[in-house]
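Quick notes on the structure that follows.
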Amino acid sequence: MENCIFCKIAAGEIPSTKVYEDDQVLAFRDLEPQAPVHILIIPKKHYASILDIPCDATSPLPAMAAAAQKIAQEQGIAQSGFRLVINTGKDGGQSVPHLHMHLLGGREFGWPAG
Ligand code: 5GP
Ligand code: ZN
Numbered sequence: 002m003e004n005c006i007f008c009k010i011a012a013g014e015i016p017s018t019k020v021y022e023d024d025q026v027l028a029f030r031d032l033e034p035q036a037p038v039h040i041l042i043i044p045k046k047h048y049a050s051i052l053d054i055p056c057d058a059t060s061p062l063p064a065m066a067a068a069a070q071k072i073a074q075e076q077g078i079a080q081s082g083f084r085l086v087i088n089t090g091k092d093g094g095q096s097v098p099h100l101h102m103h104l105l106g107g108r109e110f111g112w113p114a115g
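Residue numbers (my numbering): 2 to 115.
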């Protein structure tokens, strides 16, 4: 998708601090981390939000979940715990219209959020 910042990161046109990559998914460190570990997991294919993904065998979510499992282990936060967040739309606080999952860890989070 033209003019999509995360498509450009996925294409290597904008630099990022990559922590994980496979054929479907890329994960990189958030530019403005909200926790000691703050990683964005994106499908390489463009979907504006979770509203736009297929919910069948072609869904990008299983690959994103598998990436989250591996990254949490690698970053040493699988046992201490972490938070996965998918902001969606205006009220959800989504600022980049390319589906992404925040993986946040290394500190304790309160609930409810925000
Ligand atoms: P959202 O608010 O859409 O859920 O999250 C977007 C996230 O992308 C924000 O946490 C923001 O810091 C991050 N972000 C925006 N632009 C860039 C960028 O160019 N590189 C990286 N690594 N993160 C970005
Ligand atoms: Zn995109």
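Built from N, CA and C at the ideal position, the CB exists for glycine as well. None of the values given here were measured: they were computed from a predicted structure.
| Item | Value |
| --- | --- |
| What did DSSP end up calling Lys71 once you bin it into helix, strand or coil? | helix |
| Taking the alpha carbon of Pro113 as the reference point, which residue from Val86, His101 and Asp53 has its own alpha carbon closest? | Val86 |
| Distance, Cα to Cα, Leu32 vs His39? | 9 Å |
| Compare the beta carbon distance of Tyr21 and Ala73 with 7 Å and say whether it is the shorter of the two. | no |
| DSSP state of Pro44, grouped into three classes? | strand |
| Gly82: which of Arg108, Pro63 and Asn88 sits nearest, CA to CA? | Arg108 |
| How about Lys45 and Ala66: are their beta carbons less than 7 Å apart? | no |
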